[in-house]
Amino acid sequence: MLEKLSSVAITRKPEYRKPGRYADGGGLYLQVTARKTGGVTRAWLFQYSWKGKVRQMGLGSYEHVSLAQARKRAKAAREKVADGIDPIAEKDAERRAAVVDAALSQSFEAFAAEYVATHSPSWRNDIHRKQWTSTLKAYAYPIIGKMNVAEIETADVLRVLKPIWAAKLETADRVRGRIEKILHAAKAAKLRSGDNPAIWKNHLDHLLPSKKKAQRHHPAMPYDDLPAFMSDLVKRDGIAPRALELLILTVARTGSLIGMRDNELDLRNAHTWTIPGVRMKGGKEHVVPLCQRAQQIVRTIPREKGSPFLFMGQKPGTHISNMTMLELMRKIAPDYVPHGFRSSFTDWANEEIDAKHEVIEMCLAHTIKNKTEAAYRRGDLLEKRRALLNEWEAYLYGAG
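Position one of the sequence shown corresponds to residue 1 (UniProt numbering), numbered consecutively onward.
Structure (structure tokens):
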């Protein structure tokens, strides 16, 4: 095959800058096109006949593809035509396959972000959008976030829901519903096929405890109900209401709070309550930053001379029992227990303000099981916990 073009000629001769088509042979052409803004563009074309029609296939711009490279590409295309393959159709099919492969390999987290971006403008407010994002981030992403959206199955959805179904039914069902909607959208986008593994009726309802049964034994009050509950609690007089109020504000365990002593409190400088290790579940001393209302409560609790305890029991030298707050809850909110307010706090912190996991865990005096534990026990985290508990106070009393 006679090759008519040369790189030197194309570079030096002005004729190759005039609009037109310049043949190299074998169907390869240099196409020169005038720009509307002045100057020209130059690109390589391969022209061939397919089923009685003339077709033209782009091989790249002259600036990025040399003459030698263009000849190799044209040769490869000629060989495909000789083998009965349309090179343009093959290239289009490869491009479509690449798009499909990229889409099918999309993670649940990435597609969920697209779903939220698409639908959130029609949601009632920005808080709803934040709740969507924060619940998925807190409960779904750690387990299925990196999974291919096409590969999520029932077992994967159950791994998300089972750990929180009994203790946080309301939140768990919200998460389930959001996963269901995202996977429905993925199917509509042809990113997955088959039944939705997050659907409740005639599917997960056979694999998880019934919602009604779980609700009857649900110990944690939904955080949405807490402001009204606190408004009622503040109006009640007595040791039990103040102890329960302080328990909620500090998210402490019942056993730690009922034994609170004056010498554990620093109300002048640090505004903290230091719980000794002997009263902590993990055996380690825990410092609790006290918000304004918590400080007010401990300052106004009546003291009895000779008693080290703030919440004094009926017998001299004793403190209230762990039944004191439980009995109060049975009267005013019988479906819930005092310890459940720690879960209410966790749900609120995750869903409403997207607080950092480590800060939430340290507020609850949970052990952080990784190398960052020592770092998160330093004083700087105390201030982060103080800020979080101050926000909690504002939410509880309607200032948030």
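Every residue gets a Cβ at the ideal spot worked out from N, C-alpha and C, and that includes glycine. Since we're looking at a predicted model, the values are computed, not measured.
What residue from the options has the CA that sits closest to residue i's CA?
i, options, result
"N350", "A138, A333, L326", "A138"
"M221", "T324, S321, D347, H286", "D347"
"P289", "L226, W44, E393", "E393"
"K384", "T154, R174, E358", "E358"
"T154", "W200, K72, W50", "W200"
"A186", "I152, E79, R176", "I152"
"A76", "Y48, D225, A98, H64", "Y48"
"T250", "C291, G259, I179", "C291"
"V287", "M260, G313, Q296, G306", "M260"
"S45", "A166, G194, R78", "Correcting the residue type first, residue 45 is Leu in the shown sequence and not Ser. Answer by Cα proximity: R78."
"D335", "W273, T274, F229, K315", "F229"
"residue 436", "S231, G194, G38, L169", "Residue numbering for the chain in the displayed model covers 1 to 400; residue 436 lies beyond these limits and cannot be assessed."
"R176", "H206, A140, S193", "A140"
If contacts are defined as beta-carbon pairs under 8 Å, then residue i and residue j qualify, I think. What distance do you get, rounded to the angstrom?
i, j, result
"V298", "L267", "7 Å"
"A198", "V157", "5 Å"
"A34", "P19", "5 Å"
"L396", "P227", "6 Å"
"A189", "S343", "Rounded, the Cβ-Cβ distance is 35 Å, inconsistent with contact."
"K211", "D173", "7 Å"
Alpha carbon to alpha carbon, what distance is there between residue j and residue i?
i, j, result
"R159", "T254", "30 Å"
"A355", "L388", "8 Å"
"L204", "I332", "33 Å"
"S61", "K4", "19 Å"
"A70", "L30", "9 Å"
"T11", "D24", "15 Å"
"K146", "G282", "33 Å"
"P308", "S122", "57 Å"
"R42", "W132", "51 Å"
"N390", "L161", "30 Å"
"I88", "E94", "10 Å"
"E264", "H366", "20 Å"
"L233", "T171", "24 Å"
"N202", "P142", "27 Å"
"R330", "M323", "10 Å"
"K36", "S6", "28 Å"
"D224", "Q296", "24 Å"
"H218", "A97", "For H218, the predicted structure reports a pLDDT of 46, less than 50, and the residue's modelled location is therefore unreliable. A value from the coordinates is still provided. Cα to Cα, the separation comes out at about 49 Å."
"G27", "F108", "47 Å"
"K58", "S66", "The residue you asked about is not Lys; residue 58 is Gly in the sequence shown. So the alpha carbons of these two residues sit roughly 14 Å apart."
"P163", "N196", "21 Å"
"A9", "D83", "34 Å"
"A117", "A270", "43 Å"
"G194", "D92", "28 Å"
"G38", "R17", "12 Å"
"A113", "F345", "26 Å"
"P316", "A294", "25 Å"
"S231", "W165", "28 Å"
Identify every residue that forms a DSSP beta bridge with residue i.
i, result
"P289", "T272"
"A34", "V40"
"Q47", "Q56"
"H319", "M312"
"D83", "According to DSSP, which records beta bridges pairwise, D83 is partnered with nothing at all."
"L28", "G25, F46"
"S231", "DSSP lists no partner for S231."
"N196", "According to DSSP, N196 bridges with nothing at all."
"L265", "W273"
"N148", "S107"
"S61", "A43"
"G20", "V32"
Quick one: what's got a C-beta closer than 6 Å to residue i's C-beta in the same chain, skipping five residues either side?
i, result
"Y22", "L30"
"S120", "R129"
"G277", "G283, K284, E285"
"V32", "P19, G20, V40, R42"
"I275", "S256, H286"
Which same chain residues end up closer than 8 Å to residue i when comparing Cβ atoms and leaving out the 5 residues on each side of it in sequence?
i, result
"I301", "I239, R242, L310, F311"
"L181", "Note that residue 181 is Lys in the sequence shown, not Leu. Cβ within range, chain order: Y115."
"D262", "R303, P308, L310"
"E90", "K80"
"R55", "Q47, Y48, S49, D86, I88"
"G313", "H319, I320, S321"
"H184", "N196"
Among residues of its own chain, excluding the 5 on either side of residue i, which ones have a beta-carbon nearer than 7 Å to its beta-carbon?
i, result
"L247", "T254, L257, M325, P338, F341"
"L328", "A240, P241, L244"
"C363", "V251, R385, L388, L389"
"R178", "W132, T135, L136"
"G398", "P227"
"A74", "G26, G27, L28, F46, L59"
"A68", "none"
"I353", "E391"
"I144", "F108, I152, D156, V160"
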